[in-house]
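Undergrad: So for the sequence shown, the working numbering puts the first residue at 7; every next one is plus one.
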Amino acid sequence: MLFTVTPLYALPLAAIFLILWFRISGVRAATKTSYGDGGNTELLRRVRQHGNFVEWTTFVLILMILAEGMGAPALYLHISGALLLIGRIAHPFGLGAVDNAAHPLRYVGNGTNILATVNLMVCLGVNILGL
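#1: In three-state terms, what does DSSP make of Phe9?
#2: Only counting runs of 3 or more residues, tell me where the beta strand (DSSP E) segments fall wholly within the stretch 69-110, in order along the chain.
#3: Do the CB positions of Ile25 and Ile95 come within less than 8 Å of each other?
#4: Specify the secondary structure class of Gly42 as computed by DSSP and reduced to three states.
#5: In the structure shown, what three-state DSSP assignment does Gly161 receive?
#6: For Gly136, which three-state DSSP category applies?
#7: Buried or exposed for Pro98, please, with buried defined as at least 16 other CB atoms from any protein chain shown within 10 angstroms of its CB.
#8: Rounding to the nearest angstrom, what Cα-Cα distance links Ala78 and Leu135 in this structure?
#9: Can the beta-carbon of Ala88 be found less than 8 Å from the beta-carbon of Val11?
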């Protein structure tokens, strides 16, 4: 089977992954911190931005590739892919804000991830149940 939709979103997400990783590496080099955050709040923030990205992106892309492999309609795959991409772009800015607990971009990031996940769960459920 040829996957045509999921790679369209995996590629820009991979670029974001690398950008977030380079941001961590820069602070690690500047502060000479090899492991952990060394008590550096900025390093901790960047590690969490990257960690949150990895946690959500991996899970949603797995669901997406499963749904695509089971023949889910491309429209629903694009909806989930777009939601994931929007959320993963927005979330690091919200998490990086000084007062990040209530930052709107943090809510956008989490909300779009949840919507993408639910959409893919429905796609998979419909396929599994043969509806």
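Positions of the beta carbon are idealized from the N, C-alpha and C atoms, including for glycine.
TA: Result, derived from the coordinates:
#1: coil
#2: none
#3: no
#4: coil
#5: An answer regarding residue 161 cannot be provided, because it is not within the stretch 7 to 137 covered by the chain.
#6: coil
#7: buried
#8: 13 Å
#9: no
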